[in-house]
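Input: a single structure, listed below in C-alpha cells.
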Amino acid sequence: MSYVEMPGAKVPIRMWTDPATVEDVALRQLQNVATLPWIKGLAVMPDVHYGKGATVGSVIAMRGAVCPAAVGVDIGCGMSAVKTSLTANDLPGDLSRLRSKIEQAIPVGRGMHEDPVAPGSFHGLATAGWEDFWGRFDGVAEAVKFREDRAHKQMGTLGSGNHFVEVCVDASDAVWLMLHSGSRNIGKELAEHHIGVAQKLPHNQGLVDRDLAVFVADTPQMASYENDLYWAQEYARHNRSIMMALLKDVVRREFKKARVTFEPEVSCHHNYVSRERYEGMDLLVTRKGAISARSGEYGIIPGSMGTGSYIVKGLGNEKSFNSASHGAGRRMSRNAAKRRFSAKDLEEQTRGVECRKDSGVVDEIPGAYKSIDHVIDQQRDLVEVVAKLKQVVCVKG
Numbered sequence: 445m446s447y448v449e450m451p452g453a454k455v456p457i458r459m460w461t462d463p464a465t466v467e468d469v470a471l472r473q474l475q476n477v478a479t480l481p482w483i484k485g486l487a488v489m490p491d492v493h494y495g496k497g498a499t500v501g502s503v504i505a506m507r508g509a510v511c512p513a514a515v516g517v518d519i520g521c522g523m524s525a526v527k528t529s530l531t532a533n534d535l536p537g538d539l540s541r542l543r544s545k546i547e548q549a550i551p552v553g554r555g556m557h558e559d560p561v562a563p564g565s566f567h568g569l570a571t572a573g574w575e576d577f578w579g580r581f582d583g584v585a586e587a588v589k590f591r592e593d594r595a596h597k598q599m600g601t602l603g604s605g606n607h608f609v610e611v612c613v614d615a616s617d618a619v620w621l622m623l624h625s626g627s628r629n630i631g632k633e634l635a636e637h638h639i640g641v642a643q644k645l646p647h648n649q650g651l652v653d654r655d656l657a658v659f660v661a662d663t664p665q666m667a668s669y670e671n672d673l674y675w676a677q678e679y680a681r682h683n684r685s686i687m688m689a690l691l692k693d694v695v696r697r698e699f700k701k702a703r704v705t706f707e708p709e710v711s712c713h714h715n716y717v718s719r720e721r722y723e724g725m726d727l728l729v730t731r732k733g734a735i736s737a738r739s740g741e742y743g744i745i746p747g748s749m750g751t752g753s754y755i756v757k758g759l760g761n762e763k764s765f766n767s768a769s770h771g772a773g774r775r776m777s778r779n780a781a782k783r784r785f786s787a788k789d790l791e792e793q794t795r796g797v798e799c800r801k802d803s804g805v806v807d808e809i810p811g812a813y814k815s816i817d818h819v820i821d822q823q824r825d826l827v828e829v830v831a832k833l834k835q836v837v838c839v840k841g
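Quick note: the numbering used here has the sequence shown finishing at residue 841, numbered continuously throughout.
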C-alpha cells in the first residue's frame with residue numbers, strides 16, 4: 445500500500461497502515477507529536493502501537509530539537525543477521541544442545557559476563573576505535589559514571605523482553621544467525637537521566653504531554669544529550685557485534701566438520717537519532733521502532749518468536765524519511781498477553797522452534813504480535829524483500 449495522510453496540527457501524519465486499525469491511544473500520541481513547534485514531518489510505520497510519549501513505529505523529523513522519550517530508553521536497539529554456509533540438512537534433529545551452547549556463551553536477562561569481553565579475542569572482529577570508544581565514557585553524564593564496570597561486563601549480552609538470538613533457515617534452506625538487542629542498562633540509565641532533565645526545562649512546560657519534552661539546539665543540555673545518545677548508539681552496535689562473534693564461535697565449534705563460513709553482516713538500529721537532510725532542511729530524524737531504508741540499504745524486519753523474519757532492501761522513499769518498520773509490532777500489551785494466553789498456548793504457537801515455552805515468556809507469544817507478512821505487504825513502497833527467514837532456535841532472556 446501507499447501511505448494514508450491524516451491531518452495534524454503542524455504537519456500531516458503519513459501512515460503506512462489503515463488508521464482504523466490503530467489504537468485510539470496511539471492515534472492520540474501521533475496527534476500530540478504533530479503539535480510540537482519544532483516538527484517538520486511525521487511518518488507512521490505499519491507496526492505502529494502505543495508507546496511512552498511517542499508511538500513505537502514512528503519516524504519524527506524535527507528541526508533544531510530532539511525528544512529523548514521519543515528515542516526511548518533502549519537507545520540504539522536494533523538487529524544483526526548473517527548468512528552462513530550451513531544448510532538445513534547440516535542441523536541436527538534435536539536442537540536443544542545448540543540452544544544450550546548459545547545460552548552458555550551469551551548471558552541473557554540481567555546476566556553479564558564475569559569479565560569484560562574484548563573484541564580482539566574473536567575471529568576477524570575489528571578492534572579499531574575500541575579504546576577511543578571506552579575513553580569517551582569519561583564524557584558521559586556524571587549520573588551514570590558509577591555504572592562503568594557494569595557497562596563493561598554487559599557488553600556482549602542479550603537482555604530480556606523482546607530481545608532474542610535466533611538460528612533461522614531461509615526459503616533456499618540456507619542457515620542464518622540473527623539477534624536483537626541494544627545498549628543494555630547503561631543506555632537505559634542515560635535515557636532516563638536526560639528525559640528527567642528535559643522535563644524540567646522551561647520551554648517544555650506547556651506541552652500536551654510531558655513525555656514529549658525536547659532539547660533544543662545550541663543549548664548545553666542538547667549538547668550533553670547528543671554526546672551521550674551517540675555514545676549509547678555506538679555501545680549498542682558494539683554489543684551486537686560482540687554477541688554475533690560469540691554466536692559465530694558457538695556455531696564453528698558445533699559444526700566443525702562443515703568448516704562454517706559467514707557472509708557479510710547486516711546490522712541496523714531501530715531506536716535512534718540521525719542527522720539527515722530533506723527538502724533543503726537539516727533535520728534530526730528520530731526512528732522509534734523504525735529502520736533506515738535508503739535506496740539499496742539492507743535492513744532486518746523480524747516477526748515474533750514463532751513466525752518468521754525478513755531481510756529487506758530499502759527503496760529510498762523520502763515520504764517516509766527513507767524508513768521502514770522495525771518488526772511486526774505488538775497488537776496487545778504484555779499484561780494483556782499474560783491474561784489472554786497460557787504456557788500451553790505458547791507451546792502450540794512455537795511448535796517446531798527450540799525455545800523457552802514457560803510462563804515467563806508468555807508475553808512474547810506470537811499471538812501478541814501483528815502478522816509480520818501483513819506488515820511487510822503494507823510497506824512494499826518502502827522496501828523490497830531479499831529473504832524470508834524462519835527460526836528453528838530462539839533464545840530469550
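Each residue gets a CB set at the ideal place from its N, CA and C atoms; glycine is no exception.
Rounded straight-line distance, which links the Cα of C521 to that of I639: 17 Å
Given T479 as reference, the closest of M749, E709, A498, D468 once Cα atoms are compared: A498
Residue environment, P664, which counts as buried when at least 16 other CB atoms sit within 10 Å: exposed
Burial state of D726 (16 or more Cβ within 10 Å): exposed
Any beta strand (DSSP E) of 3 or more consecutive residues that is wholly inside the stretch 643-729: 710-713, 715-722
Residue(s) in a DSSP beta bridge with F608: H624, K840
Start-to-end residues for the alpha helix (DSSP H) that takes in H818: 816-821
Proximity test, N533 beta-carbon vs the ligand SAM heavy atom, cut-off 8 Å: By its list of ligands, the structure shown contains no ligand whatsoever, and the ligand SAM lies outside what it can speak to.
Option in M687, P456, V819, V729 with minimal Cα separation from P490: V819
Beta-bridge pairing of Q835 - partner residues as DSSP gives them: C612
M687 versus P451: straight-line alpha-carbon distance, rounded: 43 Å
Own chain partners of Q822 with C-beta closer than 6 Å, once the 5 adjacent residues on each side are dropped: M445, W460, T461, P490
Nearest to D617 (by Cα), restricted to the options P560, D534, L690, F577: D534
Paired residues, beta bridge with K632 - DSSP: Answer by DSSP bridge pairing: none, since K632 is not bridged.
Coil, strand or helix - L486 by DSSP: strand
Burial state of S625 (16 or more Cβ within 10 Å): buried
Classification of V469 by the beta-carbon crowding that lies within 10 angstroms, buried from 16 upward: exposed
The beta strand (DSSP E) enclosing P433, as first and last residue numbers: Look at the range of the chain in this structure, 445 to 841, and you will see that residue 433 is not part of it.
Spatially closest choice to Q793 from K763, Q835, S777, V829, by CA coordinates: Q835
Assigned secondary structure, T465 (DSSP; H/G/I helix, E/B strand, else coil): helix
Identity of the residues DSSP links to K527 by a beta bridge: W620
Proximity of L621 and F706 at Cβ, strictly below 9 Å: yes
Simplified DSSP state of H770, which is helix, strand or coil: coil
Through-space distance from D662 to G650, alpha-carbon basis: 21 Å
Buried versus exposed call for Q473 [16 or more other C-beta atoms within 10 Å across all chains shown]: buried
Proximity test, Cβ basis, 9 Å: F566 and chain D: This model lacks chain D altogether, as it is built from one protein chain only.
Limits of the unbroken beta strand (DSSP E) element including A842: With the chain covering 445 to 841 only, the question about residue 842 has no answer from this structure.
Sequence-distant residues of its chain with Cβ nearer than 6 Å to I483 (five each side left out): K454, V455, M506
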